[in-house]
Amino acid sequence: MLTVASLSLLLLEAAVVSRRMWRRGRFDDAWLGIVDLSFGVLFLISVMMFVAAGTASSSWGNPGFATTIPIAAGAASVFRHWWQTLAAASLLCAVFLVTSLPAASDHDTRLTTLTNSVAYIGFAVLVRLVAGYTRRLGRDADSARSAAVMLATEAERLRVQKLIHDPASALELLAADDLDENARAVLRRQALRLATEMRHYLGTQLRRSSGIIAELEAIADEFADLAPVLNADLARDTIPAADVEVVSRAVRTLLFNVRQHAQAREVVIHAETDGNSWEVCVRDDGIGFDPNIRLAGFGLSQQVYAAIASIGGQVEIESTHGEGTFVRMSKEKM
């Protein structure tokens, strides 16, 4: 009867702790660990009242050992500090020895009891190491998830900046009071095309690339006020659609810069392709600039340099004050 009562009480305590742990989603409440440890100690003491002396030191005859080993393992998880885990395991070890060792009648039995007592500390250390490793994996996963969120946020910010950079330039020019009607008509046509680009990036309209020559011809038409000369006779080979889109956006950004800053009288766009490799150049005879200073701007740094680099290409810029600017974008065969 006493055996059933003791086991029932221990099972009830385990059920209460398990329910609390389930509701919290983890086993890290030190007070629960103290309660669990206390019941384990009381069970080891009470078990001596109903276990025969001949079996008190037996692994199979003494239920206290098998029942309280999980409590030592739980202490490794619930307590924050190593010394608390070792103290809890050492307490169970000591109580087990005090209650079981006096009943050991021979050398083999005493050796078995001592070996079983060490298992409390061994299990606690093992579980503590595994739990610590698991927690480190969890923290690393959380850090990686946070880093991924930050990278995604930054990528989205850059995407939006790329989306609005050229339209903002067009709107700024349209708002100018001294803009002549011919330039205004050109900018209106360009605004319609940029609106299509924005709908494409926002996912409301699918845009298909029509090839590098057609894209450059459309861009030259958008910037008719600059009267750009397009040389694309050597660009007959098809290049990847992703490359066409990035190059087109970069050329458009360069022409926006020419329109706003260069005061150029002549603009030339040259393109040639050879399989998957290509070269696109934009040259103007404007006032030029210092590339080391202007690269700090979003247009050149992101829309040109970073965008071309993202598809495995290179950008070279040559410019001096009063002598215009030459920009070469290229991608070699892989």
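Mapping of the sequence shown onto the numbering used here: position 205 corresponds to residue 218, and the numbering continues sequentially without gaps. Just so it is clear, CB atoms sit at the ideal spot from N, CA and C, and this is done for glycine as well.
In this structure D297 is buried. Its beta-carbon is surrounded by 16 or more other beta-carbon atoms within 10 angstroms. Spanning the alpha carbons of T333 and R341 requires a straight line of approximately 15 Å.
Between G312 and N270 a beta carbon distance of about 6 Å is seen, short of the 8 Å cut, so the two are scored as contacting. Residue burial is scored here from C-beta neighbours: I330 has at least 16 other C-beta atoms within 10 angstroms and is therefore classed as buried. In the three-state DSSP reduction, I252 falls in the coil class, being neither helix nor strand. Contact fails between the region 88-96 and the region 111-129, because fewer than three Cβ pairs, one in each stretch, are under 8 Å apart. The residues V264 and R265, in chain order, have a CB closer than 6 Å to that of I232 in the same chain once the five nearest residues on each side in sequence are set aside. Taken atom to atom, the span from the alpha-carbon of G145 to that of S323 is near 40 Å.
I282 carries a strand assignment under DSSP once its states are collapsed to helix, strand and coil. When secondary structure is reduced to three states using DSSP, R296 falls in the strand class.
By the neighbour-count criterion, in which a residue is buried when 16 or more other Cβ atoms sit within 10 angstroms of its Cβ, G151 is exposed. Listed in chain order, the alpha helix (DSSP H) elements of length 4 or more contained wholly in the region 90-164 are 95-113. Per DSSP, the beta bridge partners of D287 are S290. With a 10 Å radius around the Cβ and a threshold of 16 neighbouring Cβ atoms, I58 comes out exposed.
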